[in-house]
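Right, one structure below, let's go through it.
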Amino acid sequence: MKVGTFVIKIWRWLSVFLVIGALVWTYSLFPEMVAVDFSETGLAEKYVGKENVFYIVMGLFLVNNVIIAGLAKQIPNMDAMHLPILKREIWAQHRAALNEHLTNWLYCLVAVINTIIGFSLFALATINSTQYKMDVFDFSWIYYVGMTLMIIVFIMPLRLLWTPVPEDKL
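Per UniProt numbering, residue 1 is the first one in the sequence shown, and the count goes up by one each step.
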């Protein structure tokens with residue numbers, strides 16, 4: 001197993017535990033009505049019941065970890081000629097490398113979405129807490145981290161533009 005594949009698998013499983021832990025912990029801390037939208041001054045404008053936050057996050061979690069991860073498991077069963085990639089003929093000859101790259105990409109997408117959900121839950125719990133005096137602007141870093149992670153994930157398929165080198169030329 002390559003180092004990149006190992007890191008992505010570990011990150012994906014840690015992100016699953018992050019979301020589950022964050023969801024359980026924040027659900028116990030949330031007030032009945034959770035502030036979810038804020039004005040430019042940082043004051044809460046819209047509130048949602050904590051049950052609704054729970055159901056929305058669980059829906060995102062299930063779609064992310066069941067549908068996208070399920071799609072990643074089906075990559076080896078798909079015909080390489082039907083995949084939306086350039087240079088299909090060459091990649092079809094190196095099917096193991098193609099499978100590994102596409103599976104890693106989808107698992108990385110799952111891990112990024114889980115990580116963003118987990119951090120967002122912790123931020124939402126802290127903002128709605130009466131113990132901490134932090135406002136919504138203290139968590140603007142989550143936006144930048146999330147955007148950076150998403151850019152990295154959507155740059156990963158660019159690797160498919162370069163075809164693999166045959167073993168006899170190494």
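Note that CB positions come from ideal geometry on N, CA and C, so glycine has one too.
Which residues DSSP lists as bridging residue i, in chain order
i, result
"F139", "The partner list for F139 (beta bridge, DSSP) is empty, contrary to what the question assumes."
Residue j beta carbon less than 9 Å from that of residue i
i, j, result
"I113", "N64", "yes"
"V19", "L121", "yes"
"L160", "W91", "yes"
"A97", "P164", "yes"
Same chain only: Cβ atoms within 6 Å of residue i, ignoring 5 sequence neighbours per side
i, result
"F54", "Y27"
"residue 175", "The structure shown does not extend to residue 175, since the chain spans only 1 to 170, so no value can be given for it."
Cβ neighbour criterion (16 or more within 10 Å) applied to residue i
i, result
"N128", "buried"
"W105", "buried"
"V24", "exposed"
"I56", "exposed"
"Y144", "exposed"
Neighbourhood of residue i by C-beta distance below 7 Å, restricted to the same chain and skipping five residues each side
i, result
"V16", "N65 and N114"
"A123", "F139 and I142"
"L60", "I117"
"T5", "E100 and N104"
"G146", "I116"
Span of the alpha helix (DSSP H) around residue i
i, result
"K9", "V3 to L29"
Residues near residue i in its chain [Cβ-Cβ closer than 8 Å; skip 5 each side]
i, result
"G49", "E32, M33 and V34"
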